[in-house]
């Protein structure tokens, strides 16, 4: 009986303590409730939360606002395939150089009509092959009808002999920017043309290009319009030049090709006195810089690479830093 009495007394004592003093569990529960209430008081309202989202959207918009207004360039390519790949790689690299592009959204929008089945341009110019003009017109038309491009360029110098077909495909809806013209504009700028040198002579610019491009007088006519005397290789060296281009297309970039190329450059620079030389074929950039390391008679500023000039121009047009109207006839 004594044991039961002691247990009863202890039970009653514990009950009294529970009534007059909150338990530790109750204390912590009360603390958590107060903490939650404080957090609710400090939490953003729905309007504040919406404002925060808007702020993030504004920051993203600022980051991409330039990109959202970039013009889309349509490229007629595949003439030849490796040259077009190089052309695209130069666009990516130069966008980084010129505009410090560090994320995808800072590069320019491009749509490429890559068609290596276009008939041989040289044969078409010489009248011994299929006319490639209708193919270029159809390629252009497909880009225009897509409604997705703001202007069109052609990644092949020789094919500019068929520019009238390309303009027909543009249907006066989308401008065509000529690689020939922008290259010759750069030549005039580079040579600081004032019409003639101090002795009253026209300044000389050499042309490295395929036979069809030379026979169509594409660069010659454009340079003459800018009061620059065009200089072409001798007939034998022009044949060698065409051989170099075909060997590059076949994947040959070996020493024989490089040495032959240097031979043609030497004639224009040393024998014919050209102040400047146009690299007027999109295949040639695949090797010409290697030649600079081998031939001390020239420096990079002696050359105007039509690929790089066209690339820089189209990037600046896309980024709205050049007006399209300034390139239209």
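Residue numbers (the working numbering): 1461 to 1789.
Just so you know, even glycine gets a beta-carbon here, dropped at the ideal spot from N, CA and C.
Here the structure is a predicted model, which means the values were calculated and not measured.
Where does residue 1765 sit, in a helix, a strand or coil, going by DSSP?
As a first step, residue 1765 must be located in the chain shown, where it is residue number 305. Looking at residue 1765 - three-state DSSP - the assignment turns out to be strand.
Might you give, ordered along the chain, the residues of its own chain that have their beta carbon closer than 7 Å to the beta carbon of residue 1733, omitting 5 neighbours on each side?
As a first step, residue 1733 must be located in the chain shown, where it is residue number 273. Only residues of its own chain outside the window of five on either side were considered, and among them 1664 have a CB closer than 7 Å to the CB of residue 1733, listed in chain order.
Quick check on DSSP: helix, strand or coil for residue 1541?
Taking the chain shown and counting its residues from 1, one reaches residue 1541 at position 81. Note: residue 1541 maps to helix in three-state DSSP.
Spatial neighbours of residue 1595 within its chain, please: CB distance less than 6 Å, with the 5 preceding and 5 following residues excluded, ordered by chain position.
Position 135 of the chain shown holds residue 1595. Only 1578 meet the Cβ criterion.
Nearest-angstrom Cα distance between residue 1740 and residue 1677?
On the chain shown, residue 1740 is found 280 positions in, with the first residue counted as 1. On the chain shown, residue 1677 is found 217 positions in, with the first residue counted as 1. Rounded to the nearest angstrom, the gap between the Cα atoms of residue 1740 and residue 1677 is 12 Å.
Environment of residue 1703 [buried if 16+ CB atoms lie within 10 Å]:
Stepping through the chain shown from its first residue, residue 1703 is reached at position 243. So residue 1703 counts as exposed.
State the beta-bridge partners of residue 1571 as determined by DSSP.
The count along the chain shown starts at 1 and reaches residue 1571 at position 111. In the DSSP assignment, the residues bridged to residue 1571 are 1534.
Go to residue 1679, then tell me how far its beta strand (DSSP E) extends in each direction, as first and last residue.
Along the chain shown, one-based indexing puts residue 1679 at 219. Not the beta strand (DSSP E): residue 1679 falls in the alpha helix (DSSP H), residues 1678-1685.
By a C-beta neighbour count over all protein chains shown, 10 Å radius and 16 as the cutoff for buried, is residue 1661 buried or exposed?
What you label residue 1661 is simply residue 201 of the chain shown in a count that begins at 1. Its Cβ having fewer than 16 others within 10 Å, residue 1661 is exposed.
Simplified DSSP state of residue 1628, which is helix, strand or coil
By 1-based counting over the chain shown, the position of residue 1628 is 168. Helix at residue 1628.
Measuring CA to CA, which of 1673, 1780 and 1759 is closest to residue 1736?
Here the question's residue 1736 lines up with position 276 in the chain shown. Per the Cα distances, 1759.
Round the Cβ separation of residue 1614 and residue 1668 to the nearest angstrom and send it over; I've been treating them as touching at under 8 Å.
Counted from its first residue, the chain shown places residue 1614 at position 154. Counted from its first residue, the chain shown places residue 1668 at position 208. With 8 Å as the limit, residue 1614 and residue 1668 do not qualify as a contact, their Cβ atoms being about 18 Å apart.
Tell me, which residues are paired with residue 1705 by DSSP?
Within the chain shown, the letter at position 245 stands for residue 1705. Beta-bridge pairing by DSSP links residue 1705 to no other residue.
Residue(s) in a DSSP beta bridge with residue 1736
The residue labelled residue 1736 in the question sits at position 276 within the chain shown. DSSP output for residue 1736 lists 1665 as bridge partner(s).
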